[in-house]
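Trainee: Starting off with a structure, shown below.
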Amino acid sequence: MAGHFPLFGMRCRHRLQTDPPAVDFISRPKRKWGRMSHLYALDAPRQGRMGVWQRLFWHHLRESPSAPRTPGPNARKQSLAGIHKMRNPKRILASNLFLIAGLSPALLGAAEVNIIITDQVFDPAQIVLQAGDTVTFDGSQRAGGTHTLVIVREADESERTHSFVDGSGNVLFEEPGNYRLFIREFPSIGGSAVVFPRAGATADLRQEMVSYSIGYDLGQNVVKKLENLDLALFNAGIEHAYRGQEPKLGWAEMDFIVKEYSREVARRARDEREQIAARNLEESQNFLARNARQPDVVVLPSGLQYKVLKRGTGPRPITGTKVRVRHRATFPDGTEFDNTLESQPAEFLLTDGVLPGYSEGLKLMSTGARWKLFVPPPLAYGVRGQTAPPPGAPMIEPNTTLIFEIELLGVGG
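With the working numbering, letter number 369 in the sequence shown gets 447, and the count goes up by one each step, no holes.
Okay, structure coming up:
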């Protein structure tokens, strides 16, 4: 599981690949600043896994401004007065499905694709190419320096590397297959690519693949999660909208029904999340109380606990210095969600954005030391948790205690 643990996550605007709130996929999201990574995501919004269709759905949806609050015999008449002010009322709901069509050009593959490398992600994180396409990696938003891009072909786990001065460069993808991409120095920053054969990727064939892929993604990530859904009627609604037929219900009624349903789903999700948070808080408190009684465990006033595994002799880091570390991260039950002890060390600036517990413990360590930190929820992700982890890593639930075994290899430089 090495390489899944994000070390960087500066404040950034929500992008298309950024996951939306997990349940309220009908209403327009509030755009705000948020830190989103394991070590840096202290105020990230609640997020969940989002597929291709949901990304488009969430990114483009807009609430209609004049639907009545309650349906009834006069609902349609009540809405007529304001209907001319609305953005084409026939697209209140149906247009959201047509927006899927906007994905086709990207999936059909352009000759050149641009990926922006931020301090936490590739944007976009997933790309679809044809053999022979060139990808431009733009790392201008990151700190300067030479970075190494690692491209791993999943079929045989073979890898190739490209060194980018100032984090930017071009890469040609010639061989079809599925690829993992990440920065060697910061393995949490990465994405994926699917490369189709150019000879066999005719427009018709790829359009078929696009159509099926979007349909499957929609079924897996949206429809499957909806309760009491009549699949036949759902498919009928999609077909009617696609063919431009008049709906069987009034626009105002449908708008009200969908919004009410989304609010109910949001309420249920909130209740479930609160139950999980309460359960995890009790488990965390019990674990930390037991752990505090263990030999050689030191408890700090902040609530952070640590145990010295190996003492160091070098300098200690302070805020703003560059550190080089290896670490292993687990939950109290022993589940591991990151391990870089046997892989390439991670280098990053120790800023105020780092998880408080991780930062506090690291500043107490001398170079060469190896400690185990027991980070209580308030010094980790608190009541929000972190539900949008990197691919392959488990989510961090609200009020979860985190355990880090850290080796401080160097400070500065």
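C-beta: ideal position from N, C-alpha, C; glycine also.
1. Do you know offhand how far Ala203's Cα is from Gly247's?
2. Going by alpha carbons, who is nearest to Ile292 out of Phe452, Ile316, Pro275, Leu307?
3. If I follow the unbroken beta strand (DSSP E) through Ser49, where does it start and stop?
4. Just to confirm the assignment, what range does the beta strand (DSSP E) spanning Tyr384 have?
5. Note down, in chain order, each residue of its chain lying with its Cβ closer than 6 Å to the Cβ of Leu171, except the 5 sequence neighbours on either side.
6. Could you pull the start and end residues of the alpha helix (DSSP H) that Arg357 belongs to?
7. Is it buried or exposed, Ser362, if we count other Cβ atoms within 10 angstroms and call 16 or more buried?
8. So if DSSP puts Ala407 in a beta bridge, which residue, or which two residues, is it bridged to?
9. If contacts are defined as beta-carbon pairs under 8 Å, then Ile481 and Leu451 qualify, I think. What distance do you get, rounded to the angstrom?
10. In its own chain, which residues sit with a C-beta less than 6 Å from the C-beta of Ile267, not counting the 5 before and 5 after it?
11. Alpha carbon to alpha carbon, how far is Lys388 from Ala447?
12. Does DSSP put Asp201 in a helix, in a strand, or in coil?
13. Is DSSP giving Gly255 helix, strand or coil here?
14. In its own chain, which residues sit with a C-beta less than 8 Å from the C-beta of Phe242, not counting the 5 before and 5 after it?
15. Between Leu359 and the rest of its own chain, which residues show a CB-CB distance below 6 Å, the 5 nearest in sequence each way excluded?
16. Looking at Asp416: is its Cβ nearer than 8 Å to the Cβ of Ala471?
17. Closer than 8 Å is the cut-off here; do at least three beta carbon pairs connect the region 336-348 with the region 371-390?
Mentor: Let me spell this out:
1. Straight-line measurement puts the Cα of Gly247 at about 17 Å from the Cα of Ala203.
2. Measuring from the Cα of Ile292, the nearest candidate turns out to be Ile316.
3. Absent from the structure is residue 49, since the part of the chain shown begins at 79 and ends at 491.
4. 383-388 is the extent of the beta strand (DSSP E) around Tyr384.
5. Legend: pLDDT at Leu171 = 38, less than 50; position of this residue unreliable, value from coordinates given subsequently. Short of 6 Å from the beta carbon of Leu171, and not among the five residues preceding or following it, lie these beta carbons of its own chain, in chain order: Met332.
6. First-last of the alpha helix (DSSP H) with Arg357: 329-370.
7. Burial call: buried.
8. Beta-bridge partners of Ala407 (DSSP): Asp416, Phe482.
9. Rounded, the Cβ-Cβ distance is 7 Å, consistent with contact.
10. The residues are Ile261.
11. Roughly 5 Å separates the two Cα atoms.
12. Strand, per DSSP.
13. In the structure shown, the three-state DSSP call for Gly255 is strand.
14. Apart from the 5 residues on each side of it in sequence, Phe242 sits with its Cβ closer than 8 Å to the Cβ of Phe215, Gly217, Thr224, His225, Thr226, Leu227 in its chain, given in chain order.
15. If we look at Leu359 and ignore the five residues flanking it on each side, its Cβ neighbours are Asn477.
16. Contact: yes.
17. Using a C-beta cut-off of 8 Å, the region 336-348 makes no contact with the region 371-390, since fewer than three inter-stretch Cβ pairs fall below that distance.
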